[in-house]
Structures are given as structure tokens and as C-alpha cells.
Amino acid sequence: MNHQLIFEATDMELQLGDEVSPDDFVAYQQAMKYRDLFLVRKLSFRDYIDALSSLPIDIDAYLENMAITLNLV
């Protein structure tokens, strides 16, 4: 699964105003913050994974759901 593509598609879905639960929206915003820090090497991979794991939702299920919603899988 291409997580970069899913993040971009999820961002596009949010910009288009599709319904996203408030909890998922907050967790998504936090995940994007952690991803950005990881990409500019201000966060190690281990810290990135730990940060994603600390979010109050199942990130894999959330991304999978977004991929299905956007017909990416």
C-alpha cells in the first residue's frame, strides 16, 4: 500500500469537504504533523512510528478506509 498516495488522497478528500469524524480529523492532522517532521528528518523513524501508535485511532484502518473510499484499492 502506498501510504504517501493515501495521505495525499486523504488530504484531497478533506479539502473537498467529505465527511470525516472530528476524532479522525484531529488524528489525521496529528499524523500529518508527525509525517512532515519525519520527512524533514526532525523525527526518527522509530519516533514517527511511536507517535502514530499513540494516536487515539487505528491509523492502518483509517488509511485503509480512506483508500477504499477513494477507490485506491
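The opening residue of the sequence shown carries number 282 in the working numbering; numbering runs sequentially from there.
Every residue, glycine too, gets a C-beta built ideally from N, C-alpha and C.
- DSSP places K323 in the coil class of the three-state scheme, outside both helix and strand.
- Here the alpha carbons of V321 and Q311 stand approximately 16 Å from one another.
- Inter-residue distance for K323 and R316 is about 10 Å (C-alpha atoms, whole angstroms).
- In the structure shown, P303 falls within a helical segment according to DSSP collapsed to helix, strand and coil.
- By the beta-carbon neighbour count (other beta carbons within 10 angstroms, threshold 16), A342 is exposed.
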